[in-house]
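Notes to accompany the following structure.
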Amino acid sequence: MKLTIEGKVYVAREDDINTDLIIPARYLNTSDPKELAKHAMEDLDPKRHQIPFLNRDGSCDYKILITGKNFGCGSSREHAVWALAAAGIEAVIAPSPVPFARIFYRNCINEGGVLPLECDESGKLGDYLKTGESISIDMSEERPVLTRANEAKMLLRPFTGIAREIMDAGGLTAYNKRKLTSLLQ
Amino acid sequence: MTGQTITEKILARHAGKDRVSPGDTIESTVDTIMMHDVTSKVAIDIVNNDFNGRVADDLEIVVTPDHYVPNKDIKSAKLYQQLKRFVDKQIAEGANIRAYMVEGGDYGVCHVMLPEKGHVIPGKVIVGGDSHTCTYGAWGAFSTGIGSTEAGNVLATGKLWFRVPESMKVEVTGEFPGNVMAKDLFLRFVGDVGVDGAWYKAIELCGEAVKNMSMDERSTFCNMAIEAGAKSGIVAPDIVTAGHLINLDCVLKRSDEQRHKLLRGKFCSTNWDWVRSDADAQYYETRKYDVSGLEPLVACPDLPSNVKPASELGDIKIDQAYIGGCTGGKMEDFEAAAQILYGKRTARGVRLLIVPSTADIQRKMVRQGLYDTFMDAGAVFSAPTCGACLGGYMGILAPGEVAISSTNRNFRGRMGDPESFVYLASPKTVAASAIAGCITGAKK
């Protein structure tokens, strides 16, 4: 797991952004992350999101996604995580106490590509940050630290336990393989 | 020490512990894994590339391609082809795998196929690469949806980590009015609590009214548990469950030995008394409903929790009525719709799509004359498939079009163009609306 994430944020303040919005089912006939990334967040309502997530050529300028509560609800499709990761997203930050839908959260951890982080409800990162701003997240302590250019730091909720162990290993497959190897030794 | 819920008991047994508490992280043995065409590619790649192509010995693998079958395009055909190769290889290597492929015609939508073929029984832990895997809780199993990476790791190790969920009790009393189904009960519930109202919880459906709910109806409710953010839905097994399973043994013509192997694995004793919650079990929340007072309900776009009574919607014209999917394409769903459509015609300008969930249901519909009822009403029949429920094919909506559907999700773009609209309702409400041409509940 990367200990520092730096880059531009995309702010989608809506609550309950579901996996059909993250990657519509019409693209699920492939599991190729590069193909999926071209359609990441494609069905977000353009009336509510004036700045599109993807550029016209299908590329994405953002590394961190700031969202409302219950992000990733709906389908179990891991394609949502693959699409975001291949688009360049390294972390998603959603507010406590209901940050992520559970299968999406598990997919982030088990797949290992997108770090799901939780901020305090009162933090309202969506008020504080604007799409296109650069921030950095330091993961070296139990509580991740978010820094906005030249401003005070902000602590995110602790990222610990089995979720951290699996992310540190690089995902569930690597975690299980390591466990199997240590059993054999 | 306080008592335990059915969910805690099942998870404790599978984690090799006397008891577990909500919040504990456990490693659980998995009895059965379901795989379908959309989410299995990466799981298969993990088994082949990271675990030498070997699957766990004790794991039961049930393969039910359904989302884009019969294959809708070349990319889907490739997904199916890869799944079929995996099945053939694992069968040759003696894995405990059962595949219901399109070849031979005995196939269908995963969450209806697994119970139909007897793979779901009380006390099991079942996972699957599909969020509606929570359906199997209707039979008293702990079941939940997982991702593809998890599926690959379950295939290889037969185990998975879980956070033990708090349980949320939904206690129902009264008698269902004639125009109300389990779908309406769930819509009432999710309308009250919201799409995150049961976040991470196990929803336990219980109470007097459950005794009169068939397995199809219980499965409608558990199927939609995920729409409230739940980890699982569950109903303690009772005489209805037992009757259903005994009947299945006859239908499937199982020998005692087969039945023992399939139905009563090492975690599943024939004595189901252990799979019920203790009287002093702890619940995060209890919600009570008197179903006698329910009326036909509709979830309006774009969330399943955006629920209103059909009677209060006003004149919403529909272009399409869809009956199908794992939520609303079971035998009883079609029987309920046929009762309303018998001898009637759909309104001018309305497409009625009938999508049976399994080949067996399709056959029964032909035998029992439901096929004629629907065709006479002006419906179009499809082969079993998940179809348009998730915007795959077989009834995709154009911009501005409105559908009423017996399926489970109405997110933006769910059944087609992002500017189309999906209303969710019971099969009865869908049938009544197809006749009226606008959204309306069935008469009592």
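Sequences listed follow chains A and B, in order. Those letters in the first sequence? Residues 1 to 185, per our numbering, in order. Those letters in the second sequence? Residues 1 to 444, per our numbering, in order. Every residue gets a Cβ at the ideal spot worked out from N, C-alpha and C, and that includes glycine.
- At a cut-off of 8 angstroms between beta-carbon atoms, K177 of chain A makes contact with chain B.
- The Cβ-Cβ distance between G147 of chain B and I89 of chain A does not fall below 8 angstroms.
- No Cβ-Cβ contact shorter than 8 angstroms links V164 of chain B with L294 of chain B.
- Residue-level contact by beta carbon holds for A25 of chain A and chain B, with a gap shorter than 8 angstroms.
- A straight-line Cα-Cα distance of about 47 angstroms links M1 of chain B and F334 of chain B.
- Of all residues in the segment 188–218 of chain B, those with a C-beta nearer than 8 angstroms to a C-beta of chain A are V195, D196, W199, Y200, reading in chain order.
- Contact check between the segment 62–80 of chain B and the segment 27–46 of chain B: three or more CB pairs, one atom from each, fall below 8 angstroms, which counts as touching.
- The beta carbon of S131 of chain B sits closer than 8 angstroms to some beta carbon of chain A.
- One alpha carbon belongs to H39 of chain A, the other to I17 of chain A, and they sit about 15 angstroms apart.
- In the DSSP assignment, V430 of chain B falls within the alpha helix (DSSP H) that extends over 427–436.
- Looking at B:C222, B:G329, B:A337, B:L187, the one whose alpha-carbon comes closest to that of S232 of chain B is B:C222.
- Contact annotation: P177 of chain B and G328 of chain B have beta-carbon atoms that are not nearer than 8 angstroms.
- A straight line joining the alpha-carbon of A163 of chain A with that of W199 of chain B spans about 18 angstroms.
- The Cβ of R106 of chain A sits closer than 8 angstroms to at least one Cβ of chain B.
- Sequence-distant partners of L54 of chain A (beyond 5 residues in either direction) whose C-beta falls short of 6 angstroms from its own C-beta, in its chain, are C60.
- For A388 of chain B and Y27 of chain A, the gap between their C-alpha atoms comes out near 14 angstroms.
- The three-state reading of DSSP puts Y80 of chain B in helix, counting H, G and I together.
- Contact annotation: the segment 58–76 of chain B does not touch the segment 395–402 of chain B, with fewer than three C-beta pairs closer than 8 angstroms.
- Rounded to whole angstroms, the Cβ separation of E227 of chain B and V195 of chain B is 6 angstroms, and the two are in contact under 8 angstroms.
- Burial check for R56 of chain A: the Cβ neighbour count within 10 Å stays below 16, so the residue is exposed.
- Look at C389 of chain B here: in three-state DSSP terms it is helix.
- In this structure, DSSP gives V235 of chain B a state outside helix and strand, which the three-state scheme calls coil.
- When secondary structure is reduced to three states using DSSP, P304 of chain B falls in the coil class, being assigned neither helix nor strand.
- I137 of chain A is a Cβ neighbour of L146 of chain A, given a cutoff of 8 angstroms.
- With a 10 Å radius around the Cβ and a threshold of 16 neighbouring Cβ atoms, R48 of chain A comes out exposed.
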